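K.L.:
For reference, the structure I am asking about is given below.
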Amino acid sequence: MYVVTVTRGLCQTIESKRVDLSHVLCPGIDCALNVGNVITPNGDGVNDVWRVASDCDIVSFGLHIYNRWGQLVHSSDNAKFGWDGTVFGAPASEGVYYYELVFKDTVIVDVDNLDFRGSITLIR
């Protein structure tokens, strides 16, 4: 609620206006994208699953994880699911894996998708 008071001489008027910005997308406001770089799938409940997290709603998502030879070991189109350090149901070897992430969130209004690439170290 915005309230404006205008005074001119001895006259005064007060007007109030409610402005709802909940439907407005604000370009230029960055969403934090949290991407870890280590996974330790040992069952201790800490870093057992590698996930991508954002503080904005993700509207499209594509994740590919590759081993050091460029072979696809994990793929997902759902940001809520992560990689548990397995390949075809078997524990993946320790080492460095590479990810390619393509996504769009509710803040990005003038860009089709954002692309990120990086590495994940798997430690057992």
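Heads up: take any position in the sequence shown, counting from 1, add 14, and you land on the numbering used here. Built from N, CA and C at the ideal position, the CB exists for glycine as well. Values in this document were obtained by computation on a predicted structure and should not be read as measured data.
#1: State the start and end residues of the unbroken beta strand (DSSP E) segment that holds glycine 132.
#2: Whose C-alpha, out of Arg32, Ser107, Tyr111, is nearest the C-alpha of leucine 77?
#3: Helix, strand or coil, according to DSSP, for threonine 54 in the structure here?
#4: Run through the DSSP bridge pairs and tell me what alanine 104 is partnered with.
#5: If you run the structure through DSSP and keep just helix, strand and coil, what is phenylalanine 95?
#6: Alpha carbon to alpha carbon, what distance is there between lysine 118 and serine 68?
#7: Drop a sphere of 10 angstroms on the beta-carbon of alanine 106, count the other beta-carbons inside from all chains shown, and report buried for 16 or more, exposed for fewer.
P.N.:
This is what the structure holds:
#1: Start and end: 128-136.
#2: Distance from the Cα of leucine 77 is smallest, within the candidate group Arg32, Ser107, Tyr111, for Tyr111.
#3: Correct three-state label for threonine 54: coil.
#4: Per DSSP, Val101.
#5: Look at phenylalanine 95 here: in three-state DSSP terms it is coil, with no helix or strand label.
#6: For serine 68 and lysine 118, the distance between alpha carbons rounds to 11 Å.
#7: In summary, alanine 106 is buried, with 16 or more beta-carbon neighbours lying within 10 Å of its beta-carbon over all protein chains present.
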